[in-house]
Amino acid sequence: MDRNHPDYDRFYKIRPLIESIRKTCLEETPGELQSVDEHIIPCKGRCKMKYYNPRKPDKWGLKVIARCGRNGFVHDFWMCDGMAPKVENSIGFFAADV
1 MDRNHPDYDR
11 FYKIRPLIES
21 IRKTCLEETP
31 GELQSVDEHI
41 IPCKGRCKMK
51 YYNPRKPDKW
61 GLKVIARCGR
71 NGFVHDFWMC
81 DGMAPKVENS
91 IGFFAADV
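First residue of the sequence shown: 1, per the working numbering; consecutive thereafter.
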């Protein structure tokens, strides 16, 4: 698929695995108290999707936004690929909207 296509996905090779894991996480009943946080999956390889976060113990890696329960179980997640999220009805939250 062309990289300029709106449906282009940098995780296309592992997308079936990601969706399978995400589906399993969504089947679990969430608790009352939840939090959303970013996590870094450590990665030392060369990858365009790596992020640097000096405040995390593992400074370089793949960034994941996760919704976790009080017991630490992940109920939903989104893998950041370095591209701007696709927004249908923009209301000005991103720098690209200004």
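Ideal Cβ positions, reconstructed from N, Cα and C, are used throughout, including at glycine. As the structure is a computational prediction, the values presented were derived from the model and not from experiment.
TODO: May I ask you to report which of helix, strand or coil DSSP gives Arg3?
DONE: coil
Task: CA-to-CA distance, Cys80 to Lys63, given in whole angstroms - done: 5 Å
TODO: State the CB to CB distance for the pair Cys68 and Ser35, rounded to an integer number of angstroms; the pair is presumed to be in contact (CB under 8 Å).
DONE: 6 Å
Open item on the list: Considering only the alpha carbon of each residue, which of Asn71, Ile65 and Pro30 lies closest to Gly82?
Closed with: Ile65
Task: Alpha-carbon to alpha-carbon, Tyr8 and Gly45 - done: 22 Å
Open item on the list: Given a cut-off of 8 Å on the beta-carbon distance, is the pair Gly61 and Cys43 in contact?
Closed with: yes
- [ ] Please say whether Arg10 and Lys48 have beta carbons closer to each other than 8 Å?
- [x] yes
Open item on the list: Just list the residues that DSSP pairs Phe73 with in beta bridges.
Closed with: Its beta-bridge partners do not exist; DSSP assigns none.
TODO: With a threshold of 7 Å, establish whether the CB of Cys68 neighbours any heavy atom of the ligand FAD.
DONE: Because no ligand of any kind appears in the structure shown, any question about the ligand FAD cannot be addressed here.
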